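In our numbering, the protein residues as written are 12 to 202. Don't be surprised by glycine CBs; every beta carbon is placed ideally from N, CA and C. Since this is a predicted model, take the numbers as computed values, not measurements.
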Amino acid sequence: MTTETTPLQRLAELINELAVVHGRVTLSSGREADYYVDMRRATLHHEAAPLIGHLLLDKLEEAGFGPGEIDAVGGLTLGADPVVCAVQHAAASRGLDLDAFLVRKEAKGHGMKRQVEGPDVAGRRVVVLEDTSTTGGSALTAVAAARAAGAEVVAVASIVDRDTGAREAVLGAELPYLWVLSAADLGLAPQ
Ligand SMILES: O=P(O)(O)OC[C@H]1O[C@H](OP(=O)(O)OP(=O)(O)O)[C@H](O)[C@@H]1O
Ligand SMILES: O=C(O)c1cc(=O)[nH]c(=O)[nH]1
């Protein structure tokens, strides 16, 4: 009997093959770790990107945050950019309407001077997405910017959760936190 690889198993394989880099590294938060999950190598990969879009969309739908319940997904540039687009395109492939927004690290100094780019999020229900979460600080920066732009943020979701405080930080901000794969799912110790 052959057992078929599930999309989730395939995504875990691809992230391990493409994105997990072992070695001492400084993280965004200034912490140090013995591995890095260089998610851009997966989120911009031809096979991994659509899997990410569909698996995150499934995760949102299961938790009651699917395109019927929310208006848009967005996140902090750069890591979240391809994730947001993958989920939007996965929704579109299912005939579902879902807008997207990208949060600049700082408001642009010219033009419209916006920090949150895309169709207006004011008064709309949105989910903040991440590629990887360590402390959750980047996700919460995006939450604050989306709120400042008038959005109602209803949840945060990440592809890979390193199990190092992001869950607690997001739950502490009184938002549901979802993730597709944990460090343990990738055979990694939390750090
Ligand atoms: O949970 P945190 O402690 O915030 O760490 C996770 C963040 O770190 C990485 O982004 P980075 O800050 O390296 O910037 P980039 O997205 O511009 O590459 C990653 O894409 C997440 O956004
Ligand atoms: O904390 C981070 O900066 C971080 C960790 C990680 O594994 N991958 C990543 O892109 N950022």
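| Asked | Found |
| --- | --- |
| Considering Cα atoms alone, identify which of R35, E179, G134 and A102 is closest to V165. | G134 |
| Following a CB-centred definition, is D69 positioned closer than 7 angstroms to any heavy atom of ligand 1? | no |
| Using a Cβ-Cβ cutoff of less than 6 angstroms, which residues in the same chain neighbour P130 once the five nearest sequence positions on both sides are dropped? | D110 |
| Per DSSP, L192 is paired with what? | V171 |
| May I ask you to verify whether the segment 166 to 178 touches the segment 111 to 121, counting CB pairs closer than 8 angstroms and requiring at least 3? | no |
| Looking at C-alpha atoms only, which residue of I63, E15, A200 and A159 is the closest neighbour of E141? | I63 |
| Please name the residue or residues paired with T14 in a DSSP beta bridge. | The partner list for T14 (beta bridge, DSSP) is empty, contrary to what the question assumes. |
| Nearer than 7 angstroms: is that true of the beta carbon of V139 relative to any heavy atom of ligand 2? | no |
| Check whether the segment 26 to 36 and the segment 176 to 186 touch, using three or more Cβ-Cβ pairs below 8 angstroms as the test. | no |
| Just mark V36 as buried or exposed, buried being the case when its beta carbon has 16 or more other beta carbons within 10 Å. | exposed |
| In the structure shown, what three-state DSSP assignment does A59 receive? | helix |
| Confirm the yes/no value for this check: CB of D131, any heavy atom of ligand 1, distance under 7 angstroms. | no |
| Within 10 angstroms of its Cβ, does M50 collect 16 or more other Cβ (buried), or is it exposed? | buried |
| Look at the Cβ atom of Y46, then the Cβ atom of L199, and state whether they are nearer than 8 angstroms. | yes |
| Quick one: what's H33 bridged to in DSSP? | Y46 |
| Could you tell me if H65 is buried or exposed, where buried requires 16 or more neighbouring beta carbons within 10 angstroms of its beta carbon? | buried |
| Give the secondary structure of E24 by DSSP, where H, G and I count as helix, E and B as strand, and everything else as coil. | helix |
| From the DSSP output, read off the bridge partner residues of F112. | G85 |
| So the candidates are T146, S149 and R136; which of them puts its Cα closest to the Cα of R158? | R136 |
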